[in-house]
Each structure stands twice: as structure tokens, then as C-alpha cells.
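For reference, the structure is listed below as C-alpha cells.
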Amino acid sequence: MNVEDFDFELPRGRIAQRPATPRDSARLLEVEADGLHDRRFRDLARLLRPGDIMVVNDTRVIPARLSGRRGAAAVEVTLHKPEGAGRWRAFARPARKLRVGDRIAFAGDFAAEVLEKGEGGEAVLAFDRAGPDLMAALGRHGRMPLPPYIKRAEGHDASDASDYQTVYAKRDGAVAAPTAGLHFTPRVLAELAERGVRQVSLTLHVGAGTFLPVKAARIEDHVMHAESGLVDEDAAEAINAARKAGGRVVAVGTTSLRLLEAASEPDGTVRPFAGDTDLFILPGYRFKAVDLLLTNFHLPRSTLFMLVAAFAGLARMKAAYAHAIAHDYRFYSYGDCCLLHRDRA
-4 MNVEDFDFEL PRGRIAQRPA TPRDSARLLE VEADGLHDRR FRDLARLLRP GDIMVVNDTR
56 VIPARLSGRR GAAAVEVTLH KPEGAGRWRA FARPARKLRV GDRIAFAGDF AAEVLEKGEG
116 GEAVLAFDRA GPDLMAALGR HGRMPLPPYI KRAEGHDASD ASDYQTVYAK RDGAVAAPTA
176 GLHFTPRVLA ELAERGVRQV SLTLHVGAGT FLPVKAARIE DHVMHAESGL VDEDAAEAIN
236 AARKAGGRVV AVGTTSLRLL EAASEPDGTV RPFAGDTDLF ILPGYRFKAV DLLLTNFHLP
296 RSTLFMLVAA FAGLARMKAA YAHAIAHDYR FYSYGDCCLL HRDRA
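Numbered according to my numbering, the sequence shown spans residues -4 to 340.
Take a look at the structure:
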């Protein structure tokens, strides 16, 4: 398939700059085999069934964007994947003049050395500290890594520190939010529990590469950035038990779906998983574990739009996006969302 098959035109005014207030007032487009249904996110509990299991990604976004200096030259760095104690793979800008061995100072007492240089502005940095000390330094000197289509005079503001974080975020490590989860509120979570929908957590530390558009003409030539994930034994057992009892597996976000599929056997059994995944899901992929997907509206030509096209059908998703544009849905990270039923054809 060609990347043009996944292109569409989106008016700039449809790109959300702020989340809905309150979060659960966001709109939700339910995409089923029998058509499209306009809902609100706060309707989610009645759209699911008792016995369904909802799988969320509990990763926590870190302030992964840093401004520093290499000598007199300014350097912008966005971390995207940990590589060991104090080491991170990162995108640097401008990267052309960076050399292995260069020191980038982010503050008088906070710096990193360039260990490796890769393609596309990528580098491996070794910070002068690790673990909680590094997280504390990022908290003091870093900024929330908002996508470039969210415009801020300073790149972020105080409200983004909470807005760009799910209410159930727990494990530090993401450099982009699992955006489908941004709509949840304690009220919606309580309604789901009362409905008999169980919630379990896994962790996929979302990397910046997840949201990059595909530049290769043939989509099969695109290389996914690997991301670190964890499905523990308790979560795997709960998901398998729910499926055995007839419940549906509802993935909250493409990150949860990708990790579940990476951790699944051909028969849909989910096994404990700890490691990296670079699973690239395209139309023709045979889904094993997930029945419904809650997700935001994605960039054209992106791996995420390809994933939702694989899950619900390309023609159906193009129709859904055309409907959303025509009916003033808000797009991307701070925008509205869809509840997709898997294409069983």
C-alpha cells in the first residue's frame, strides 16, 4: 500500500489547542458496522457492557523537552527512549553540528554528553545523573513535550502540566501522552466500575516517534521506533479471565492496543510481557486480543491512522473522519475521540 491511501485534508481550525472542559465533555464518535453515532465521552459507561475489561496505559509523561547550549550554540533536545542508567535516545535540533563527545549544558549543574549520532537528528545522550536525580532535574529544567501542532508562545504553559497527563498516570517514562486517556475523569471511572466494567493497567512508555508521519512512499519501508512496555501477570490473568467469561477487551488508546497485540498468542491469550515493541499494524493485520478501541483522531499519513484503518476498515475510517470534519469534531491530542468496533469482515 502507498502512504497516499492514508491521506486526508484537515482544516487547521479543527486542531484542538486546549482540552475540553471538563475532560469528559469531549465528543465521542462511535464507529460500528451499522454506521456512525455521535456521543459524548461521559456516555462511555452505557456504551460498554458488564463484564467488559478496559485496558489503560498508566505511563506518566515526563518533561522531556530541554533547551541547552553546546558552547555558544543553542540546542533543543526532546528525549524519546531510555537506553539505560542516565542514558536517553533523543531528537536534537539542530543536530547537524553535534559531534560524539560534545557536552550540552542545560543548566549550571545539569548536562549531558553526546555518545552516539544517528539519522534524522537522533542522538544518544549520557546525562550527568540517573534515576530519581535525573527525573528531579527534568522537573526543574524540562518542559512538557507538546506536539508541534499545539501552539504556545513558550512551547507550553502551566496548565499543560496537568492537562497533558491522564488521571491514572503512575509510571514515569513517556515523552508523549497516551491521548485517548486524557478524557477520563474520576466520575467516568466510577460509572464504569458501577456498570461492571473492570479496569486494568499496562505500561507503554510512549516515544515521540509514534506520532511521526510516514515519509517512505511504500509504507512497508517505514521503520517504527521501539518503545518499552510492561504487561504484568495480574493484568494478563484478568484480561484472559474476562475474555473467557465472554467480556470484550477494550483498549484505551493505540498504545494499549499495540502492547496487548505484542503480548498476545495467536489465539488471543495475553501473556506477561516486559521489553521493547516496534509492532507496526497495517491493514491486513489479524487482531488477536482487542475487540474495541478508544482513540483520538490522528494525523494524516501517520502510523496511527494506518492502525485504526486496520482495526475498523480503511473505508469506514475515511467516512468517520469525513463525518467528524463536517460536524466540527476537534482533532489530535487535545481533541475529541472515537470508540471503534473491530471490523470482523
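Every residue, glycine too, gets a C-beta built ideally from N, C-alpha and C.
Where do the ends of the alpha helix (DSSP H) carrying residue i lie?
i, result
"Asp271", "Note, Asp271: premise wrong, no alpha helix (DSSP H); beta strand (DSSP E) at Phe268 to Thr272."
"Phe275", "Taken as a continuous stretch (DSSP letters only), Phe275 belongs to no alpha helix (DSSP H), as it is neither H nor E."
"Asn291", "Note, Asn291: premise wrong, no alpha helix (DSSP H); beta strand (DSSP E) at Leu287 to Asn291."
"Arg190", "Pro181 to Arg190"
"Gly176", "Run containing Gly176: none; DSSP gives neither H nor E here."
"Ile234", "Glu228 to Lys239"
"Gly263", "From DSSP, Gly263 is part of no alpha helix (DSSP H); its letter is neither H nor E."
"Ser157", "Asp155 to Asp158"
"Ala131", "Gly126 to His136"
Please report the Cβ distance between residue i and residue j, rounded to the nearest whole angstrom; I am assuming they are in contact, meaning their Cβ atoms lie under 8 Å.
i, j, result
"Ala100", "Gly137", "Not a contact, Cβ separation roughly 14 Å."
"Val95", "Val72", "Between Val72 and Val95 the Cβ distance is about 15 Å, and since that is not below 8 Å, they are no contact."
"Val26", "Leu335", "5 Å"
"Gly168", "Ser223", "7 Å"
"Ile320", "Arg84", "The Cβ separation is near 35 Å, so there is no contact."
"Thr249", "Thr290", "6 Å"
"Pro278", "Val226", "About 25 Å; that fails the 8 Å criterion."
"Ala118", "Gly81", "Wrong, their Cβ atoms sit about 14 Å apart, outside the cutoff."
"Arg337", "Phe306", "6 Å"
"Leu43", "Val183", "That belief does not hold up - the Cβ atoms of Leu43 and Val183 are roughly 11 Å apart, past 8 Å."
"Val50", "Leu255", "6 Å"
"Arg147", "Leu141", "7 Å"
"Leu24", "Leu31", "6 Å"
"Ala11", "Tyr327", "6 Å"
Over what stretch of residues does the beta strand (DSSP E) that includes residue i continue unbroken?
i, result
"Asp167", "Arg166 to Ala169"
"His336", "Cys332 to His336"
"Lys112", "Phe105 to Lys112"
"His75", "Ala68 to Gly79"
"Thr198", "Arg193 to Leu199"
"Arg82", "Arg82 to Arg88"
"Leu61", "Arg60 to Arg65"
"Leu255", "It is not in any beta strand (DSSP E) - Leu255 instead sits in the alpha helix (DSSP H) that spans Thr249 to Ala257."
Excluding the 5 residues flanking residue i on each side, which residues of the same chain have their C-beta closer than 7 Å to its C-beta?
i, result
"Ser259", "Val265, Lys283 and Ala284"
"Gly263", "Arg238, Lys283 and Ala284"
"Phe86", "Thr73, His75, Gly116, Glu117 and Ala203"
"Ala113", "The question names Ala, but residue 113 in the sequence shown is Gly. Around Gly113: no qualifying Cβ."
"Thr54", "Ala164, Arg166, Gly168, Ala169, Pro173, Thr198, Leu199, His200 and Val201"
"Ala304", "Phe1, Pro278 and Met312"
Nearest chain C C-beta to residue i closer than 9 Å, yes or no?
i, result
"Phe275", "Protein chains in the displayed structure number just one, and chain C is not present."
Give every residue of the same chain whose Cβ lies closer than 6 Å to the Cβ of residue i, excluding the five residues on either side of it in the sequence, and list them in chain order.
i, result
"Arg65", "Asp97 and Ile99"
"Asp47", "Val192, Gly242, Arg243 and Val245"
"Met219", "Asp273 and Phe275"
"Phe300", "Phe1 and His293"
"Ile57", "Leu133 and Asp167"
"Lys123", "Inspection of the sequence shows that residue 123 is occupied by Asp rather than by Lys. Contacts found: Ala106."
"Pro295", "Asp2 and Phe3"
"Arg253", "Leu274"
Output needed for residue i: all residues of its chain with C-beta closer than 8 Å, excluding positions within five of it in sequence on either side, in chain order.
i, result
"Ala21", "Pro14, Ala15, Arg35, Phe36, His178, Arg325, Gly330, Asp331 and Cys332"
Is there at least one non-hydrogen atom of the ligand SAH closer than 8 Å to the beta-carbon of residue i?
i, result
"Leu187", "Questions concerning the ligand SAH fall outside what the structure shown contains, since it holds no ligand whatsoever."
| request: Taking only runs that begin and end inside the stretch 6 to 55, name each unbroken beta strand (DSSP E) of 3 or more residues, in chain order. | output: 22 to 27, 30 to 35 and 48 to 52
| Is there contact between the stretch 178 to 198 and the stretch 158 to 165, where contact requires at least three CB pairs shorter than 8 Å? | yes
| query | With contact counted as at least three CB pairs below 8 Å, one residue from each stretch, are the stretch 78 to 91 and the stretch 151 to 160 in contact? | reply | no
| request: Please determine if the stretch 232 to 247 and the stretch 126 to 137 are in contact, where contact requires at least 3 C-beta pairs separated by less than 8 Å. | output: no
| said: Measuring CB atoms only, is the stretch 266 to 273 touching the stretch 303 to 317, in the sense that at least three cross pairs come out at less than 8 Å? | reply: no
| Entirely enclosed alpha helix (DSSP H) segments - the stretch 297 to 335, minimum 4 residues | 298 to 307 and 309 to 321
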